[in-house]
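Presented below is the structure to which this report refers.
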Amino acid sequence: MELSRRDFLKAAGVGTAGAIVLPSILDGKLKAFAREPSKSQPIVWEKTLYQSCGVCDNTCGMLAYVKDGRIKWIEGNPADALGGEGKVCVKGASAMRVLYDPDRLKWPLKRTNPKKGKEENPGWVKITWEEAFSTIGTKFNEAIDKYGPESVLLIVRPKEQDTRLQKAIGTPNQIAHVDTCYITHEVAWMAMVTGGGRSWTMDLENAKYLLCFGWDQPGKSMQSHLHGFMKAKDNGAKIVVFDPRMSITASRSNEWIPIKPGTDLAVVLAMMNIIISEGLYDKEYIAQYTTGFDKLAEHVKQYTPDWAAQLSEVPAQDIIRIAREFATTKPSIIPTHKRDASGPLYANSFSLCQAQIAMCALVGAIEKPGGYYLDRKPKARTMDEFAPAQYPTMKETRRVDGQHLFPLANKKRKGAFSYLAQGILSGEPYKVRVGLAKAYNVLSFPNPDTIVEALRTLDFFVVVDLYPNEMCQLADIVLPDVHFLEKSGIETREYHVMWPQIMLRQGVGALWEEKGWGSIVNGILEAMGKPEFKVDWTKLEEARLQDAGTTMEYLKNNNGIWEDRKDPVSKTEFSTPSKKIELYSTVLEKEGHEPLPTWHERFTQPTSQYPYYILTEHLPWQRMGRLSNDRILRELLPENFLHMDPDTADKFGVKEGEFVIAESPTGESLKIRAHITKGIRPDCVMTEHGFGYWSKDMHVAQGGGTCDGHLLPERRIEEAKKIYAYNPAMGSAILDICVNLRKA
Amino acid sequence: MTDGGYTGALNEEPAIARAVIYRFLSRYFSHPDRELIELFDSARLEEFLQAWRCLGLESSIDIDSATNWLAKWPSQEAALLELGKEYTRLFVTAYPKVVAPPYSSLYLDSEQLVWGKSTAEVARLYGAAGLGMNGNFHDIPDHIAAELEFTSYLIAEQLKSDEPCSSLAEQLSSLEKRFLTEHLHRWAPAFFSRVVECSAMTFYRVIADLARQFIEWDITHLSRT
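Pasting the structure below:
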C-alpha cells in the first residue's frame, strides 16, 4: 500500500505552516513516568538504611547500603548488642539477592487451570488486589455460610495479626509448624516455669559448662547463640555435645559423644540421679525457687548410670563424670532452641524437655547469670488492647489437626503440621473447605506428598509467599508477600531478649505490588465484611513506641535502636500455680500427664527391615526456603547427600558420591548420593533438609537433591493419643522412624 | 542535518512515526487492559499503520492477524483474560518458566537480578529528562514498557520544542541517542525475539514480531546518523 508522506503528515496533524500537532496517541498521559515530583516515586540513590533482619527470628540489627538505587551491601549494625553485635550471618548478607530475585512473586495471581498438581500448569493470570481480595472474601464467606467458620483453614504462624484473622473468622483452625520444631519446649516451660511460652534467652557468654543434647545453633549461624557460644569458649567454658553425628557445634566442642538417637532422656535422668544422690545440686536455689524436689529425687533413683548406659551406649563412667562436672563447674546450662533432641524429634522428646528444665534447676541455671533468662520484652500493648474487638463466639472448638484433644498444646493454639494431612483427608472431626497458607511450603511437612493430596481437596486455597513455590502450585489465588528489606516500621526483639529492644526498619519500598501481611489481613477482613477487625499498623507501632517510652525520631537519631539496657535482675517468682519452678508439675498432673520426667522409648527402633536411624540437618545458609533460590548459596551445596559411616557404606559396596536408595515405612524412597564420613554413628544416616524443590517456577532451587521429608512420617491423631501421658505437646516425633538402604 | 536522518525535529515525519510506534509498542507491552484493545480499533490502528508505512516498513506487516485474533473473542473480558494469561506467562510468573523477563538487567548485566547496573543507568537517564517513575507504575524502571515509552517521550519532546535547534532539543536528541545505543537497542532485539519464538499466542507473536522489525530498522537507521 502506498501512502504519500503528505497523507501521513495530514493524518498525523502536521500543519503546513510548521506548527506541529502530534498524533493523538502521543497526547496520552505517560504511564510509567510522572513529570511532577509529587506524583513520582522517588528513587533513593544513596543512603544507609537501618534494618532488622527478617530471614530468621533473631532479627539482627543491620545496615543496608543503598548505592545506585539498590541495596548493594549489608552489614551488621554495631549498635545491636543482642543480635548480630555488628555482624550479619550468611543468610542476612544474602538477603538482598532475594530482594532482587526475578523469580519472586510480584503481583496477585489467579489460577485459570482448575486442575492442581505437581505437573499441572496453573495457568496464572495477573490480577488486581481488588479482585484478589473480593474473590477471597466471597469464597470464604460462602464456605462460612454453608459449612460454618470452622471450614476455614489458616496455615499461618501464631502471630498476633494471624490470630486476629483467625478470631475474626471464628475458626479454630490456625495451624503452624511448631509441632515439628519447638512445641515440646513451649509446653514444658509453660507447665514448669512460665505459665506462658518458653524462654528464648540464654546467657551463654557467662556459662562455664555447656551440656548440649543435639543443640547445634552455632551451626545454624544464629548469631546471638553463635556469639554467646564463641565467647563462652573464649572464656574457657567446657562444651560437651551429645549428638549421633558430628554437628558443627560438636566439632567445636571439648567432647563429642555419639549417643544413640532418642536416648538422651535416659542420660539426663541418670545424671539427675547422680547430682541428687551425691548432693551436688544447688540446695539454696532448690529451696528458694522450686517445688517438688523430694518427689523428683525419689523418682530418679530408678535411673542408674548403668541402666542409661545400656540404652544410650554412652559409658556409665562418662555419664557420672559429666553429671559431676555439670553440677560443679558453674554456671552451667543445657542450651536448647529448636529441633534439638528435646525439640519434637521423638516420642519421648517432651519428657526430655521436662528432664532438662529440672536438671537446669538443679544447678540454678534459670534466672541466674550464665543460665536461662525469661525474655525481657518492652512493655507494649497487645493488638487487642490497641484495637479492642468483639470477636464472634467460636462455636466449634474441635480442630482439624486434633489439637483440641491436647489442652496444653492447644493453649498455645499453634497447631500441628504433622497431623494436618490426615485430619483433612479423613474429614474428621469435619471437613475444611477453604484455606490460606502464609509463607509455608508443603516441603516443610513430613511426607509432603500427603499434604499435597490433602490441600488439593480444598475448594479454594490462597497462598501468600515470596516465591512461586510448591505451595503456590496448589493455590487458586497467590498473593505476593513483601520482603523485609522492602518494609518500614519497627521490630521488637523476640529472641535473646536480655533487655527490651526495638529496632527501626527503613525499607526500600515494594519493587512491584507486594503487600505486607498486616495489609493483606486488613484487605481480607474488609472483603469479608469485617472491617471492624482491621488494624492501623502505623498507629499501632506508634502506640507501642509510646508504651516503651520512645519515638520513631529517637530510633532514627540513635543508630536505629531503642533499648533499655541493663543487667537483668533475677526474677524470684514464676508463673506456675506455686509461683515456683515446679519440678513436679501440677499443671501437667492436672491434665492427666506425667508430672515428673519419666523414661519412655521412642516409637521406633531399627528392625531387620528398616535397620537405620534417620537424621536430618538444617543448613546454616538456609531458612524455611527463603534463600533456596539464591544462586550463590545454592553453589555451596547444589544437592544433598546421605551421610553414612564407612562401614555402613562398605556393606552396600557404596563409594563416595555414588547413589543409594533410602526406603522409609512411609512408602517413599529417595535416590541420593552417599557421603562417607566418620562423623556419624554406624547405625544412623543423615541428610540435609532444603532440597528436592519441584516447583518449576523457582529456577535455581528446582531439581538438585531430594526432599528429606519423603522419609519422615506424617502422624495420625491415634498415635498421639496413645502416648497422651507423656505427650502433652503433641509433637510430631518427626525423626522417630528408621529406614532401609540399598545400592541404587 | 544529514539526508535521511531523523534525530532532530527538522525531520519531523519519520520522527513522528518513530514516536508513534514507540508509544504504541509501550502500550502493547504493558499489562493488557481495555486501552490495549482500543488500540486495535480501526482509527487508532490506522495511526500506527500510517507511522509504520511512513518508515517504509509496510511490506512486512502482519497486524491483521493480531486484529483478527482479538475479534474472535465473544467479549472484551474473554479476550483480556486470554491476553492476561499469556502476558503473565511471558513476562510475570509462569510454569515452567517466564519466557521473556521484561527487564534490561537480565539481558545486559551479569548478576541475573533485577535492579542491576543497567537499571540504575536508565533510571538516571529518565531523571536527566526530568522524569520520575510514576507512583502508580509499580514496576522496575528498566521494564520494556517504560523504556519504550521513554523513547517515545524523548522524540515527542524534541518535536514539541519550539526551536528545533535549541539547546533543549539538542540535549533531548543526544539523550535519545545515548539511551538507545547504550540501553534499549542492546537488549530489545533479544527480548522481542524470545517472545516471537516462544509465544503460543498469535497476538503477542505478531506484535513482538512488529516490535523486532521496528527495532532492527531503528538500529540500522540510528547507525547511519
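Here the protein sequences come in this chain order: A and B. Just remember that our numbering sits 44 ahead of the position in the first sequence, which is counted from 1. Just remember that our numbering sits 28 ahead of the position in the second sequence, which is counted from 1. For each residue, glycine too, the CB sits at the ideal point set by N, CA and C.
For TRP300 of chain A, write down the residues that DSSP places opposite it in a beta bridge.
The count along the first sequence starts at 1 and reaches residue 300 of chain A at position 256. TRP300 of chain A pairs with A:VAL285.
Secondary structure of SER713 of chain A, DSSP reduced to three states
Locating residue 713 of chain A in the first sequence gives position 669, where the first residue counts as 1. Three-state result, SER713 of chain A: strand.
As assigned by DSSP and simplified to three states, the class of VAL223 of chain B
To locate residue 223 of chain B, count along the second sequence from 1; it is residue 195. If DSSP states are grouped into helix, strand and coil, VAL223 of chain B belongs with the helices.
Do ALA769 of chain A and HIS637 of chain A have their C-beta atoms closer together than 7 Å?
Position 725 of the first sequence, counted from the first residue, corresponds to residue 769 of chain A. Position 593 of the first sequence, counted from the first residue, corresponds to residue 637 of chain A. Yes, these two residues count as a Cβ contact at 7 Å.
Would GLN545 of chain A pass as an interface residue toward chain B - the criterion being a Cβ-Cβ separation below 7 Å?
For the purposes of this step, residue 545 of chain A is taken as residue 501 along the first sequence, with counting starting at 1. Not one chain B Cβ lies under 7 Å of GLN545 of chain A.
Sort out for me which residues DSSP pairs GLY747 of chain A with in a bridge.
Counted from its first residue, the first sequence places residue 747 of chain A at position 703. Bridge partners of GLY747 of chain A: A:TYR737.
Buried or exposed (CB count within 10 angstroms, at least 16 for buried), GLU732 of chain A:
Indexing the first sequence from 1 puts residue 732 of chain A at position 688. Its Cβ being crowded by 16 or more others within 10 Å, GLU732 of chain A is buried.
Roughly how far, in whole angstroms, is the beta-carbon of LEU487 of chain A from the beta-carbon of GLY736 of chain A, given that I think they are within contact range, below 8 Å?
Against the first sequence, residue 487 of chain A aligns to sequence position 443. Against the first sequence, residue 736 of chain A aligns to sequence position 692. Right, the Cβ-Cβ distance comes to about 7 Å (below 8 Å), so this counts as a contact.
Please confirm whether HIS211 of chain B and VAL150 of chain B have their CB atoms less than 7 Å apart.
On the second sequence, residue 211 of chain B is found 183 positions in, with the first residue counted as 1. On the second sequence, residue 150 of chain B is found 122 positions in, with the first residue counted as 1. The answer is yes: Cβ separation under 7 Å.
Could you tell me whether the Cβ atoms of VAL358 of chain A and ILE320 of chain A are closer together than 7 Å?
Counting from 1 along the first sequence, the entry for residue 358 of chain A is found at position 314. Counting from 1 along the first sequence, the entry for residue 320 of chain A is found at position 276. No, they are not a contact pair.
Give, in chain order, every residue of the stretch 139–150 of chain A whose Cβ lies closer than 9 Å to some Cβ of chain B.
MET140, ARG141, LEU143, TYR144, ASP145, PRO146, ASP147, ARG148, LEU149 and LYS150
Tell me, please, whether the stretch 453–472 of chain A touches the stretch 214–221 of chain A by the rule of three or more beta-carbon pairs shorter than 8 Å.
yes
What is the rounded straight-line gap between the Cα of ALA405 of chain A and the Cα of GLY723 of chain A?
Working through the first sequence from its first residue, we reach residue 405 of chain A at position 361. Working through the first sequence from its first residue, we reach residue 723 of chain A at position 679. The alpha-carbon atoms of ALA405 of chain A and GLY723 of chain A are separated by roughly 32 Å.
Name the chain B residues whose beta carbon is nearer than 8 Å to that of ARG675 of chain A?
Along the first sequence, read from residue 1 onward, the residue named residue 675 of chain A stands at position 631. Those within 8 Å of ARG675 of chain A in chain B are GLN140.
Residues of its chain near PHE674 of chain A, where Cβ-Cβ distance is below 8 Å and the 5 sequence neighbours each way are ignored:
Start at 1 with the first residue of the first sequence, and residue 674 of chain A comes out as number 630. Note on residue identity: the sequence assigns Asp, not Phe, to residue 674 of chain A. The residues are SER138, ARG141, VAL142, ASP145 and VAL744.
Distance, Cα to Cα, ILE235 of chain B vs PHE505 of chain A?
As a first step, residue 235 of chain B is located in the second sequence; it is residue number 207 there, counting from the start. As a first step, residue 505 of chain A is located in the first sequence; it is residue number 461 there, counting from the start. If I take the Cα positions, the gap works out to 35 Å.
Can you give me the C-alpha to C-alpha distance between ARG242 of chain A and PRO375 of chain A, rounded to a whole angstrom?
The residue given as residue 242 of chain A occupies position 198 in the first sequence. The residue given as residue 375 of chain A occupies position 331 in the first sequence. As the crow flies, the alpha-carbon of ARG242 of chain A is around 20 Å from that of PRO375 of chain A.
Which residues, in chain order, does the stretch 79–98 of chain B contribute to contact with chain A at a C-beta distance below 8 Å?
ALA79, ARG81, CYS82 and GLU86
In chain order, what residues of the same chain have a beta carbon less than 6 Å from the beta carbon of TYR435 of chain A, not counting five sequence neighbours either side?
Against the first sequence, residue 435 of chain A aligns to sequence position 391. Closer than 6 Å at Cβ, skipping near neighbours: LYS211.
TYR656 of chain A: first and last residue of the uninterrupted beta strand (DSSP E) it sits in
If you number the first sequence from 1, residue 656 of chain A lands on position 612. Where TYR656 of chain A is concerned, the enclosing beta strand (DSSP E) stretches over 656–661.
Indicate the three-state DSSP secondary structure (helix, strand or coil) for HIS269 of chain A in the structure shown.
Residue 269 of chain A sits at position 225 when you count from the first residue of the first sequence. Note: HIS269 of chain A maps to helix in three-state DSSP.
Using a threshold of 7 Å, state whether the C-beta atoms of CYS789 of chain A and PRO288 of chain A are closer than that.
Summary: the structure shown does not reach residue 789 of chain A, with chain A confined to residues 45 through 788, and so no result is reported for it.
Kindly indicate if chain A contains any beta-carbon less than 7 Å away from that of MET161 of chain B.
For the purposes of this step, residue 161 of chain B is taken as residue 133 along the second sequence, with counting starting at 1. By this cut-off, MET161 of chain B is an interface position.
Have a look at the DSSP bridge pairing and note the partners of VAL507 of chain A.
For this step, residue 507 of chain A is matched to residue 463 along the first sequence. In the DSSP output, where bridge partners are listed per residue, VAL507 of chain A has A:ALA481 and A:VAL522.
Between A:MET515, A:ARG443, A:GLU576 and A:PRO492, which has its C-alpha nearest GLU712 of chain A's C-alpha?
Taking the first sequence and counting its residues from 1, one reaches residue 712 of chain A at position 668. When A:MET515, A:ARG443, A:GLU576 and A:PRO492 are compared, the shortest CA-CA separation from GLU712 of chain A is found for A:PRO492.
If PHE184 of chain A sits next to ASN162 of chain B, beta carbons under 8 Å apart, how far is it from one beta carbon to the other, in whole angstroms?
Residue mapping note: residue 184 of chain A aligns to position 140 of the first sequence, counting from 1. Residue mapping note: residue 162 of chain B aligns to position 134 of the second sequence, counting from 1. Approximately 33 Å separates the beta-carbon atoms of PHE184 of chain A and ASN162 of chain B; this is outside 8 Å, ruling out the contact.
Under 7 Å, do ARG151 of chain A and LYS170 of chain A count as touching if we go by C-beta distance?
What you label residue 151 of chain A is simply residue 107 of the first sequence in a count that begins at 1. What you label residue 170 of chain A is simply residue 126 of the first sequence in a count that begins at 1. Going by the sequence as given, residue 151 of chain A is Trp instead of Arg. Yes, the pair counts as a contact, with Cβ atoms nearer than the cut-off.
For the stretch 175–189 of chain B, list every residue whose C-beta sits within 8 Å of some C-beta in chain A, in sequence order.
GLU177, PHE178, SER180, TYR181, ALA184, LEU187 and LYS188
According to DSSP, residues forming a beta bridge with SER376 of chain A:
Taking the first residue of the first sequence as position 1, residue 376 of chain A is located at position 332. BP columns for SER376 of chain A point to A:TYR253.
Cross-chain neighbours of ARG79 of chain A in chain B, by beta carbon under 7 Å:
Your numbering for residue 79 of chain A matches position 35 in the first sequence. The answer, in chain order, is GLY158 and LEU159.
Residue-chain proximity (THR156 of chain A, chain D), Cβ-Cβ < 7 Å
The structure shown contains no chain D; its protein chains are A and B.
Give me the subset of the stretch 97–111 of chain B whose CB atoms are less than 8 Å from a CB atom of chain A, sorted by chain position.
LEU109
Ends of the alpha helix (DSSP H) at GLY258 of chain B?
Residue 258 of chain B lies beyond the residue range present for chain B, which begins at 29 and ends at 253; the question has no answer from this structure.
So who's on the other strand from PHE703 of chain A, going by DSSP bridges?
Mapped onto the first sequence, residue 703 of chain A falls at position 659. Answer is A:ARG717, bridged to PHE703 of chain A.
For TRP117 of chain A, does the count of other Cβ atoms within 10 angstroms reach 16, so buried, or fall short, so exposed?
For the purposes of this step, residue 117 of chain A is taken as residue 73 along the first sequence, with counting starting at 1. When all chains shown are included, TRP117 of chain A counts as exposed.
At 3 residues or longer, and completely inside the stretch 337–419 of chain A: list those beta strand (DSSP E) runs for me, N to C.
Runs found: none.
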